[in-house]
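Under our numbering, the first residue of the sequence shown carries the number 5, and numbering increases by one thereafter. Just so you know, even glycine gets a beta-carbon here, dropped at the ideal spot from N, CA and C.
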Amino acid sequence: MCQGGITELACGHLLVHFSVRCPLNCQYPAVKPAYIEDTCAECHLKYSIEHINMRYDKLEAETRTLYQVAVRENRHDDAEALSKKMAQHGFDRSAELAHAAKRRVSGCTDVIWPGKRFDESS
């Protein structure tokens, strides 16, 4: 049996650490998971919002550049299609941001590590 630790996060994801691997190469160590009232980075609301905004900012900049070229070259059909695409990006961004806000784990607080008082952890 593999040895190590498993920590279940409030978002449902697991942190898995192996200190010793056995020949069976188990998927998880043979321990009962500990629990921590925090989320992984990907599920953390601030990270999700920043990641979504960065992705759509890049996408919009690329599409805007293509749109400007199409307008300059009088390719009206392409410009119209790219304009619709930019509007769709706005709708998609809003939907992803709303979804990220909904999956926020309520009640999460700053992590206080064992053996530390709250005022010592910062």
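query                                                                                     : result
Residues near Pro37 by beta carbon distance below 8 Å, same chain, minus five either side : Ile10, Thr11, Glu12 and Leu18
Extent of the continuous beta strand (DSSP E) to which Glu131 belongs                     : The first residue shown for the chain is 5 and the last is 126, placing residue 131 beyond what the model contains.
The region 39–59 in contact with the region 70–84 per 3-pair CB rule at 8 Å               : no
Any 3 or more C-beta pairs closer than 8 Å across the region 53–60 and the region 22–29   : no
Environment of Tyr32 [buried if 16+ CB atoms lie within 10 Å]                             : exposed
Inter-residue spacing [alpha-carbon to alpha-carbon] between Arg97 and Cys6               : 43 Å
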